[in-house]
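This report refers to the structure that appears directly beneath it.
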Amino acid sequence: MTRANPPSAVDLEAQGITLDQQIPAHAVIRDVPLIGTTENVTLTTTLLAPPNGVAERGVVLFTPGFTSSQATFYPIMGFLAERGYRCITFSQRGQPGSSGPSHPEDYPLSALGNDIIVLLDELGFASTPVHLLGHSFGGVVATEAILTHPTQFASLTLWNSGPKKMDDDFAGLIKALHTQGPRALWVKDRTDAGLDPDADLNGTLNNIEQYYFDRLMATNPAQLEAALTILATQQDRTEALAEIRTETGLPVLISHGAQDDAWPIEWQREMAQALNAEYWVIANAGHSAHADRSYISAQLLATFWDTAL
């Protein structure tokens with residue numbers, strides 16, 4: 001008889017268990033000041049070591065995407081720790097739990113990428129090759145870190161993340177953000193999904209919806225505007241990544257859910273081909289494959305990292 005996989009993040013949410021409540025046992029949350037950043041940024045960080053008796057195979061740093069936080073990776077961290085990977089996840093500057101400047105110009109892509117380097121230094125991994133994963137917008141930031149410090153990393157995974165700017169109405173979103181605040185993004189997403197955009201005002205959100213609403217509202221508006229601006233002007237850096245691959249042999253994985261609806265899947269596939277990278281499509285998963293297929297995602301990632309050692 002085939003043994004069923006453990007429940008995914010989506011399965012647990014259906015039971016009313018929010019992402020932050022899915023934090024693995026023995027995980028440690030730390031606020032890490034980034035010494036040397038002119039904005040005096042402090043990042044909230046969650047660390048999980050392999051359990052006793054499991055040999056450590058490597059260190060992984062997860063970079064969250066737009067309107068996200070460190071908790072988005074909780075559903076896969078426990079599985080990866082069991083495979084021997086020390087896991088680190090964090091909220092980017094301005095995301096929930098992390099401090100951030102009040103002006104969008106203090107969130108340039110160069111600073112976001114450098115935050116990754118400084119964070120690893122502060123955590124004691126400056127001389128340790130780290131497997132870097134970036135989800136969605138986090139992939140844009142991870143690419144920046146790789147291009148500026150390629151020898152810091154053992155591999156790069158672009159997880160449901162594309163190579164260049166999409167055709168979304170980023171200018172309209174930024175305008176709405178200016179006039180209505182972060183809630184404007186919530187209203188748009190709810191309207192697009194055919195859901196009541198005013199459920200937060202009516203007090204009819206369930207606890208899972210409330211979690212995502214609160215997460216958005218806890219994000220610094222300057223960070224949201226800066227991220228939208230970066231996405232609106234995203235340049236294709238595939239050629240630069242290919243040069244890094246040629247020079248260093250850096251292993252690269254491009255992976256997305258089969259139903260990913262952010263960057264066009266064709267773009268992600270073409271990027272993988274141009275990089276001669278590993279390319280995996282996760283069935284029955286959307287833009288957040290780690291939430292839709294948590295156990296499968298973790299096993300696939302561990303398999304890639306095992307071969308990238």
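Residue numbering for the sequence shown is 1 to 309, as defined by UniProt numbering.
Backbone N, C-alpha and C fix where the C-beta goes; we use that ideal spot for every residue, glycine too.
Being a predicted model, the structure only gives us computed values, none of them experimental.
field: I254 - containing beta strand (DSSP E), residue span
entry: Residue numbering aside, residue 254 sits at position 254 when the sequence shown is read from its first letter. Following the DSSP letters along the chain, one finds I254 inside the beta strand (DSSP E) bounded by residues 252-257.
R237 to D11 span [Cα, whole Å]: Locating residue 237 in the sequence shown gives position 237, where the first residue counts as 1. Locating residue 11 in the sequence shown gives position 11, where the first residue counts as 1. Rounded to whole angstroms, R237 to D11 spans 36 Å at the Cα level.
query: Of all the beta strand (DSSP E) runs that stay within the bounds of the region 198-282, which reach a length of 3 or more residues?
result: 252-257, 278-282
Best match in Q22, T219, S255 for proximity to A289 [C-alpha to C-alpha]: To locate residue 289, count along the sequence shown from 1; it is residue 289. It is S255 whose Cα lies nearest to the Cα of A289.
query: Does the Cβ-Cβ distance between S91 and G97 come in under 7 Å?
result: As a working mapping, residue 91 is identified with position 91 in the sequence shown. As a working mapping, residue 97 is identified with position 97 in the sequence shown. Going by C-beta atoms, S91 is nearer than 7 Å to G97.
- request: Return the Cβ separation of P104 and T229 in integer angstroms, given the expectation that the two are a contact with Cβ distance under 8 Å.
  value: Counting from one through the sequence shown, the residue named residue 104 turns up at place 104. Counting from one through the sequence shown, the residue named residue 229 turns up at place 229. 7 Å between Cβ atoms; contact.
field: Among N276, D20, L48, nearest to A27 - alpha-carbon criterion
entry: Translated into the one-based positions of the sequence shown, residue 27 becomes position 27. For A27, the closest of N276, D20, L48 by C-alpha to C-alpha distance is L48.
query: So, using beta-carbon positions, are A308 and P251 closer together than 7 Å?
result: Counting from one through the sequence shown, the residue named residue 308 turns up at place 308. Counting from one through the sequence shown, the residue named residue 251 turns up at place 251. Yes.
message: Check for me: the alpha helix (DSSP H) holding G113 runs from which residue to which?
response: Indexing the sequence shown from 1 puts residue 113 at position 113. Per DSSP, G113 is one residue of the alpha helix (DSSP H) stretching across 109-122.
task: Return yes when the Cβ of H135 is within less than 7 Å of the Cβ of S155, no when it is not.
output: Indexing the sequence shown from 1 puts residue 155 at position 155. Indexing the sequence shown from 1 puts residue 135 at position 135. No.
message: For the structure I just gave you, are there three or more beta carbon pairs, one from the region 193-206 and one from the region 142-159, closer than 8 Å?
response: no
Cut-off 8 Å between Cβ atoms - residues of its own chain near M1, not counting five sequence neighbours on either side: In the sequence shown, counting from the first residue as 1, residue 1 sits at position 1. Residue confidence is low: M1 scores 47 on pLDDT, short of 50, so the model does not pin down where it sits. Its coordinate-derived value is still stated next. If we look at M1 and ignore the five residues flanking it on each side, it has no Cβ neighbours.
message: DSSP three-state label for I88, please.
response: As a working mapping, residue 88 is identified with position 88 in the sequence shown. Of the three classes helix, strand and coil, the one that applies to I88 here is strand, per DSSP.
field: Opening and closing residue of the beta strand (DSSP E) in which S155 lies
entry: On the sequence shown, position 155 is the one that residue 155 refers to. Unbroken beta strand (DSSP E) run through S155: 153-159.
field: Distance, G94 Cα to R30 Cα
entry: If you number the sequence shown from 1, residue 30 lands on position 30. If you number the sequence shown from 1, residue 94 lands on position 94. When rounded, the distance between both Cα atoms is 16 Å.
- prompt: Can you tell me whether DSSP reads M1 as helix, strand or coil?
  reply: As a working note, residue 1 is residue 1 in the sequence shown. Bear in mind that the predicted position of M1 carries a pLDDT of just 47, short of 50, making it unreliable; the figure below should be weighed with that in mind. Coil.
message: On the CB-based measure, 16 or more other CB atoms within 10 Å of its CB, does I35 come out buried or exposed?
response: Here residue 35 refers to the residue found at position 35 of the sequence shown. With fewer than 16 neighbouring CB atoms inside 10 Å of its own CB, I35 falls in the exposed class.
- prompt: If you check the beta carbons only, do S8 and S294 fall under 7 Å apart?
  reply: Taking the sequence shown and counting its residues from 1, one reaches residue 8 at position 8. Taking the sequence shown and counting its residues from 1, one reaches residue 294 at position 294. Taking 7 Å as the Cβ cut-off, S8 and S294 qualify as a contacting pair.
- request: Could you give the DSSP three-state label for D31: helix, strand or coil?
  value: Translated into the one-based positions of the sequence shown, residue 31 becomes position 31. Correct three-state label for D31: strand.
message: Is the beta carbon of L253 closer than 7 Å to that of E270?
response: Counting from 1 along the sequence shown, the entry for residue 270 is found at position 270. Counting from 1 along the sequence shown, the entry for residue 253 is found at position 253. In this structure, E270 keeps its C-beta atom at 7 Å or more from the C-beta atom of L253.
query: Rounded to whole angstroms, how far is the Cβ of R86 from the Cβ of V118, which I believe are closer than 8 Å?
result: By one-based count along the sequence shown, residue 86 stands at place 86. By one-based count along the sequence shown, residue 118 stands at place 118. Not a contact, Cβ separation roughly 19 Å.
- prompt: Taking E243 as the reference, which of L275, F79, A222, W305 has the closest Cα?
  reply: Position 243 of the sequence shown, counted from the first residue, corresponds to residue 243. Among L275, F79, A222, W305, the Cα nearest to that of E243 is on L275.
- prompt: Hey, is the region 211-228 in contact with the region 166-185, meaning 3+ C-beta pairs nearer than 8 Å?
  reply: yes
query: From E82, Y74, A193, pick the residue whose C-alpha is nearest to that of F62; which is it?
result: Counting from 1 along the sequence shown, the entry for residue 62 is found at position 62. F62 has its Cα closest to that of Y74, out of E82, Y74, A193.
field: Local conformation of V141 per DSSP, three classes
entry: In the sequence shown, counting from the first residue as 1, residue 141 sits at position 141. Judged by DSSP in its simplified three-state form, V141 adopts helix.
Outcome for R215 when other beta-carbon atoms lying within 10 angstroms are tallied against a minimum of 16: For the purposes of this step, residue 215 is taken as the residue at position 215 of the sequence shown. So R215 ends up on the buried side.
query: DSSP beta-bridge partners for G134?
result: The count along the sequence shown starts at 1 and reaches residue 134 at position 134. BP columns for G134 point to T63, L158.
Residues near A4 in its chain [Cβ-Cβ closer than 7 Å; skip 5 each side]: What you label residue 4 is simply residue 4 of the sequence shown in a count that begins at 1. For A4, where only same-chain residues beyond five positions count, there are no Cβ hits under 7 Å.
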